[in-house]
Every structure is written in C-alpha cells, then in structure tokens.
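Just so we're aligned, residue 880 is where the sequence shown starts under our numbering, counting upward by one. So the structure is just underneath, and the comments pick up after that.
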Amino acid sequence: MQILIAISTAAILALSSASLGADEAAPAGSAKQTFVVQGLHCPPCSSTVESALKQVKGIQSAKVDWKTKNAWITFDEGVISAQQVAQKIATTPHMMGRNMHYEASLALKVPGVKDEAAAEKAKAALVEVPGIAAVYAYPQQESVAVRFGGTGKATTAELIAALKKAGFDAAPF
C-alpha cells in the first residue's frame, strides 16, 4: 500500500507541471480526464495501455506517459464510465507478466483541499460514492485521486456532485 501511495504522490506532483495532452479539447459529448497509472515501468508499458484503451467502445483517444505515470483519456461517459476506464486499465495484460498489474486512479482538481481537515472532508464525501475503493488527497496541489473498486460504474459527474454536496467545487484535472 505504501508503494501505491508513493507512486501516486509522484504522479500527482507531475500533474501540476505536465502539459502533454493538456491543450487538446475533448469532442462534443466527451470528457478528457486524467488518470494516474501505477505499474508503468517503461515506454512499452505506455504503448500497451494506450493500445488497449483505444480498442474500447466510447474511448476516443488515450495518451499515456510512463515518466509522469499520467494517462489523458478522452471518452464518452454516456458509453463508458470513469470507473470502467480504470477497470479496463487494470485488466490490460502487463508487459512484465501475469504477476504484475496496472492500476488507475482518476485525478480531480479540488480547490479548497488545502489542508488535512479539508482533505479528510473530501475523502469522506467521495468514499460514500458506490464503487470507490480509496481516495488519496494532495493538499499541496489541491487535488484528489480516486481509486475505484472492481465493480460498478461510478462517473466523474457523481464524484464531482459528491464533492459539491460536501462544499467543494471540483473539476477534472
């Protein structure tokens, strides 16, 4: 568990300085979301995840950067939810064999999550959404990363609504 959190922290830190894919607009009816992907060890890992995602109905584009561990994915949440995108990443066969796995967390920008108290409030709101396995807060970036459970269809809109109900404005990273 500590490795996951350490990798996620490094990837979230990279989000604030990353610009790869950030300037592209999403097609109408689609959303461009940022996922933090654990298990990326080399450039071929990125290609493997990208190729798998591009074959999924509802996903228009995917760009995965193994250095930052970020994936910028444009998809139609009317066809495939954010949780299902994360599940697809998790079920992609790993380049290094059966004992290795990818895992993805959805990154959200949450202005107002500036300290531990706000982080705990945001985490509490998000874990109430069905399908959420864990939430990691990054007050220094005013962001959270949401790790989904194995089943469900949680959407970005549901996560943002839960944060809004708790008093936070949130948006895709």
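The C-beta atom is built at its ideal place from N, Cα and C for all residues, glycine as well.
Residue environment, Val-992, which counts as buried when at least 16 other CB atoms sit within 10 Å: buried
Residue burial classification, Asp-944 (beta-carbon count within 10 angstroms, cutoff 16): buried
Beta-carbon proximity check, Ile-938 vs Val-915, cutoff 8 Å: no
Residues of its chain near Arg-1026, where Cβ-Cβ distance is below 6 Å and the 5 sequence neighbours each way are ignored: Ser-984, Ala-1012, Ala-1013
Counted within 10 angstroms of its Cβ, other Cβ atoms place Asn-949 as buried (16 or more) or exposed: buried
Neighbourhood of Glu-929 by C-beta, 6 Å cutoff - its chain only, sequence neighbours within 5 removed: Ala-941, Val-943
Residue of Lys-933, Gly-918, Val-1023 minimising C-alpha distance to Asn-978: Gly-918
Whole-Å CB distance - Ala-1049 paired with Leu-1042, under 8 Å assumed: 4 Å
Buried or exposed (CB count within 10 angstroms, at least 16 for buried), Ile-884: Here the model assigns Ile-884 a pLDDT of 45, short of 50, so the residue's position is not dependable and the matter cannot be decided.
Nearest candidate by alpha-carbon position, reference Leu-932, set Ile-952, Thr-947, Pro-922, Lys-946: Ile-952
Euclidean distance between Cα positions of Thr-1035 and Gly-976: 31 Å
Contact set for Tyr-981: own chain, Cβ-Cβ below 8 Å, skip 5 residues either direction: Val-916, Gln-917, Gly-918, Leu-919, Cys-924, Val-928, Ile-968, Ala-969, Thr-971, His-973
Proximity to Lys-911 [Cα-Cα], best of Cys-921, Ala-961, Lys-946, Ser-926: Ala-961
Proximal residues to Gly-900 (C-beta, below 7 Å), its chain only, five neighbours per side dropped: Unreliable positioning characterises Gly-900 in this predicted model, as indicated by a pLDDT of 46, which lies under 50. The coordinate reading is nonetheless provided below. For Gly-900, where only same-chain residues beyond five positions count, the Cβ hits under 7 Å are Lys-942, Trp-951.
Range covered by the alpha helix (DSSP H) that runs through Leu-987: Per DSSP, Leu-987 belongs to no alpha helix (DSSP H); it is in the beta strand (DSSP E), 982 to 988.
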